[in-house]
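Let me begin by presenting the structure, written as structure tokens, before commenting on it.
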Amino acid sequence: MFTLPADLKPGQFNGYAPEAKKLALNYLATFQRVPLSFLPSLLREVIEYDYKFPAERRALERELENLRSLSPQDTGAWFGAFSAIQLSPALEKFDWVNLPAQFVEQLSAHLWATHQMDAFRKAALDYAERLRAAVPPEAPAQPRLGIAVIGQGVDKPEEPLFRKLRPHGALFTAINPENGLQQLLDTVAARAKENPSPYGHWYIDGGEAAPHDSSLTCVSYASLEPVRTALLEKIQTETRKPGVGPEALRTTMAQLHPTDLGMDKSGDPILQRFQMKTLTEGSGTQIFSTSFTQWAARECLRRAQPLSLLVRFAQRQRLKPMVELLAPSSASPQLDSMGSLVDADMGAYYNWINQQRLPGSEKSMFLVWFENHKEGVAVSPAMPRGTVSTSAATIPQILSWMA
Amino acid sequence: MSNRIISANSCDLMRHFAASAGTPRELARQLSFSRREFLRSASGLALGSALLPSSPLAFGATPQYKRKVIVITFGGGARDQETFAPEGQENIPHLMKELIPQSSFFTQVVNHGILGHYVATASLTTGVYETFNNFAAVSPESPTVFEYFRKELKRPVSDAWVVAPSNGFNGIGESSNRAFGPGSGARVILPKHLLSAATSGATDYSHLLRDSYETPLYAPQLGGSTFELEQMENLLKLSVDDFKSHALTLSSADELSVYIVRQLMKQLAPSLLWVTLHDIDVAHAGAYSLYIEGIRRTDRLCAELWKLVQSEPEYAGKTTMLILPDFGRDADEDAGGNGFQHHRTGDALSRTTWLMALGPGIREGVVYDRALDSTDLVPTIGSMMGFTATYSHGKPIAELL
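Taken in order, these protein sequences are the chains called A and D. Under the numbering used here, the first residue of the first sequence carries the number 961, and numbering increases by one thereafter. Under the numbering used here, the first residue of the second sequence carries the number 182, and numbering increases by one thereafter.
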């Protein structure tokens, strides 16, 4: 069916989940005014509305309300660059209302092939800038705290740790490691009690999750083992089918539901969706615990915008040929502890960068700790940058100095 | 057209692009400037002028028909912070200490095309930004450097070879352009494919059979003409048993490729040899340590190949070696990407790479800042070897001629 935004009809949103449909119909007139090179990216967010975290919902609602408030003249100014993007007939005929994510991927390929990527990129940056100015992001209820625990299974690193983060904070070399993980979990739980908010305080573990307070939203690689196995089996099945290429596989993965991968129907649908997407959309998350952990943290920060996030990296399996890595196996994998430490060290840096992209970054705090060891780096407005402390300190003390 | 060129989170293009400081052109210039400063401080390179040609003795002693060119591309670029920046130089000791001092180094090679490895490498071979599906095993549409070379210089099929990493590269040796018929391009060797056939997938060799990481969940079927085991025995004088036993001593797919290159150089001494390395691209799996390992291995293999050139009588003194990544990787600062893992944002860092040229007549220890285009490679090789890349969109690099 050939549809341009101006021709949109309410019935075209019948395939949306209930809350998403309600939202779409409420803003139908707004959708009709924006160009096709832009709208599916917005609909990609709208169609997932029922499964979005509260912070995402608020941001989307505010963005939609802003678009609705634009005068025709403003609309022209906001979307002129998008309107100049030339689309192919195939894209215009695509079912972008019901498959907006697939459209966006097709659009990306089209932009590359037609050398319009730079123009689109600039249009997107300008849009984001205008939106930030018109709808300033909401400040967090309390300064954010990010924590990364790295180095499981390693006694002595082969290379200096925290090289990326040291210039931004204080290096501690005499931390008392005793009971350190529990102290960190207790800290995050206390923050959750102090500022309770749904999906506001997270604990992500690259292995088995340690016992933790129920106020924390928890994701662990180990608990998703059956889901990961089911996904790998599905990938194997799909790729054995004749004619299935990367696009078809990607589409199949995008259409999966948590129950397709054996997740419990009674579980939290929003969290299950997040977990599934971490495995289906992340690259390497299906095979490497460290990649899973970093990507889960990145997506958690980007989407849920938590006030607290404790991320504990574990050991990933050794590199093998992709065919073997993707084959579901009951055998215990060989682990690469030293490589995992290097991955996690970089992952911690990325966690900090991603946290700093969120509102309130000027007050945010970040702690990375070499698990069961004496080294860690604390980054916060209160910590002098690029300094080293060799004095004995406990984790609670360091956290108190960061505040 | 592939939808894998941008991540599943390509919607982030719209919603999560970080504001960048400056235009892409300004950022590319800044990047180039940083590279130059890193190199000048670490290797004592001189700043070259765009007006100065190569040495007046450029290829002077070698008749054009005897000249040889070896191109090494990295399918999976590496960023400055892991290579040329002070904190990254520990990963490329051979480039820094051995090769760069002998080379002319261009700090700013911008790839304006699609940032997928096969299509980008194909674009490097044609001098035209190809636009086909990165994940399809198809031939480039524009004529390749190998077809120009063979047709105009009337060279036999044995004189142009490609050694490439994965099945998808099988069609890279020749184009679908009608001006050049089938069989008019380069022979393509896929060492992993050979080893897989030789060993029937025995687990002892599994570390050498790592696949394309750009699309880890899918590998294209082999198509086109394939260099098979029997030809390996006949042409490279390498028995299957010797191949298998030597493979057991190697640690990566790229080492396997270099082993095959070694055999090619010894047995056939092709005048135009194109090698695409791929270990770095393991970065797509998200494991930083494996990405760094790939960079260190690539650094070592480049130096080994240059030493091989010096030690082989057929190559010594008459070979130009050109080394360049096909493109870069995403910046940590670009919220649309995930740092080193991919090359999907199209930001300046992912588009701007470098070129190193070594060989007789190439000015040594000189760094050039001016912007080159990825498509300049083919006409430059043409000018060096004496053929015209008629359909290429690039321009010969004057500083190398």
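Cβ coordinates follow ideal geometry from the N, Cα and C atoms, glycine included. Note that this is a predicted model, so its numbers are computed, not measured.
Could you give the DSSP three-state label for residue i: helix, strand or coil?
i, result
"residue 513(D)", "coil"
"residue 550(D)", "coil"
"residue 314(D)", "coil"
"residue 1357(A)", "helix"
"residue 462(D)", "helix"
"residue 183(D)", "For residue 183(D), the predicted structure reports a pLDDT of 32, less than 50, and the residue's modelled location is therefore unreliable. A value from the coordinates is still provided. In this structure, residue 183(D) counts as coil in the three-state DSSP scheme."
"residue 977(A)", "coil"
"residue 556(D)", "helix"
"residue 1163(A)", "strand"
"residue 1277(A)", "strand"
"residue 1329(A)", "strand"
"residue 507(D)", "coil"
"residue 1056(A)", "coil"
"residue 322(D)", "coil"
"residue 1343(A)", "coil"
"residue 1314(A)", "helix"
"residue 569(D)", "coil"
"residue 501(D)", "strand"
"residue 278(D)", "helix"
"residue 581(D)", "helix"
"residue 1338(A)", "strand"
"residue 1044(A)", "coil"
"residue 1074(A)", "coil"
"residue 259(D)", "coil"
"residue 1112(A)", "coil"
"residue 1150(A)", "helix"
Just to confirm before moving on: does the CB-CB distance between residue i and residue j stay below 8 Å?
i, j, result
"residue 499(D)", "residue 243(D)", "yes"
"residue 504(D)", "residue 253(D)", "yes"
"residue 1033(A)", "residue 1051(A)", "no"
"residue 1337(A)", "residue 1027(A)", "no"
"residue 491(D)", "residue 497(D)", "yes"
"residue 1348(A)", "residue 1325(A)", "no"
"residue 258(D)", "residue 510(D)", "yes"
"residue 1182(A)", "residue 1311(A)", "no"
"residue 566(D)", "residue 330(D)", "yes"
"residue 1328(A)", "residue 469(D)", "no"
"residue 323(D)", "residue 292(D)", "no"
"residue 327(D)", "residue 354(D)", "yes"
"residue 1122(A)", "residue 1010(A)", "no"
"residue 1169(A)", "residue 1161(A)", "no"
"residue 521(D)", "residue 296(D)", "no"
"residue 1000(A)", "residue 1095(A)", "no"
For a contact meaning CB atoms closer than 8 Å, what does residue i contact in chain A?
i, result
"residue 270(D)", "Those do not exist, as residue 270(D) stays about 13 Å from chain A at its closest Cβ, beyond 8 Å."
"residue 473(D)", "1302"
"residue 465(D)", "1243 and 1244"
Can you pull the chain A neighbours of residue i, defined as C-beta to C-beta under 7 Å?
i, result
"residue 470(D)", "1299, 1302 and 1303"
"residue 516(D)", "1317"
"residue 143(D)", "With chain D covering 182 to 582 only, the question about residue 143(D) has no answer from this structure."
"residue 520(D)", "1310"
"residue 312(D)", "1073"
"residue 295(D)", "1072 and 1073"
So which residues of chain D does residue i contact, with C-beta pairs closer than 7 Å?
i, result
"residue 1276(A)", "468"
"residue 1306(A)", "469"
"residue 1164(A)", "Near residue 1164(A) there are no residues of chain D at all, since even the closest Cβ is about 15 Å away, more than 7 Å."
In chain A, which residues lie less than 9 Å from residue i when you measure between Cβ atoms?
i, result
"residue 513(D)", "1124, 1309, 1310 and 1313"
"residue 527(D)", "1071, 1072, 1077, 1078, 1080 and 1081"
"residue 523(D)", "1243"
List, in chain order, every chain D residue whose beta-carbon is nearer than 8 Å to that of residue i.
i, result
"residue 1324(A)", "The contacting residues do not exist; residue 1324(A) stays about 16 Å from chain D at best."
Does any residue of chain E have a CB that is nearer than 8 Å to the CB of residue i?
i, result
"residue 1110(A)", "Checking the listed chains, one finds no chain E in this structure; the protein chains it contains are A and D."
Please compile the residues from chain D whose C-beta is within a distance smaller than 9 Å of the C-beta of residue i.
i, result
"residue 1107(A)", "By Cβ distance, chain D contributes nothing, its closest Cβ being about 20 Å from residue 1107(A), past 9 Å."
Members of the stretch 536 to 554 of chain D near chain A, C-beta cut-off 7 Å: Within the stretch 536 to 554 of chain D, contact with chain A at the beta-carbon level (separation under 7 Å) is assigned to no residue.
Short-range partners of chain D found in the stretch 1249 to 1280 of chain A, where Cβ spacing is below 7 Å: Cβ contacts with chain D come from 1250, 1251, 1254, 1255, 1258, 1262, 1276, 1279 and 1280.
Contained alpha helix (DSSP H) runs [length at least 4] in the stretch 1002 to 1029 of chain A, N- to C-terminal order: Restricted to the stretch 1002 to 1029 of chain A, the alpha helix (DSSP H) segments that are unbroken, complete and at least 4 residues in length are 1014 to 1029, listed in chain order.
Residues in the stretch 1053 to 1077 of chain A having any Cβ partner in chain D nearer than 9 Å: The residues in question are 1060, 1061, 1062, 1064, 1065, 1066, 1067, 1068, 1069, 1070, 1071, 1072, 1073, 1074, 1075 and 1077.
Cβ-based contacts, 9 Å cut-off: residues of the stretch 1222 to 1238 of chain A near chain D: Cβ contacts with chain D: 1237.
Every unbroken alpha helix (DSSP H) within the stretch 414 to 450 of chain D, with a cutoff of 4 residues, ordered by chain: Here the runs fully enclosed are 421 to 428 and 434 to 448.
Secondary structure, beta strand (DSSP E): runs of 3+ residues fully inside the stretch 1169 to 1220 of chain A: The stretch 1169 to 1220 of chain A contains these whole beta strand (DSSP E) runs: 1177 to 1180.
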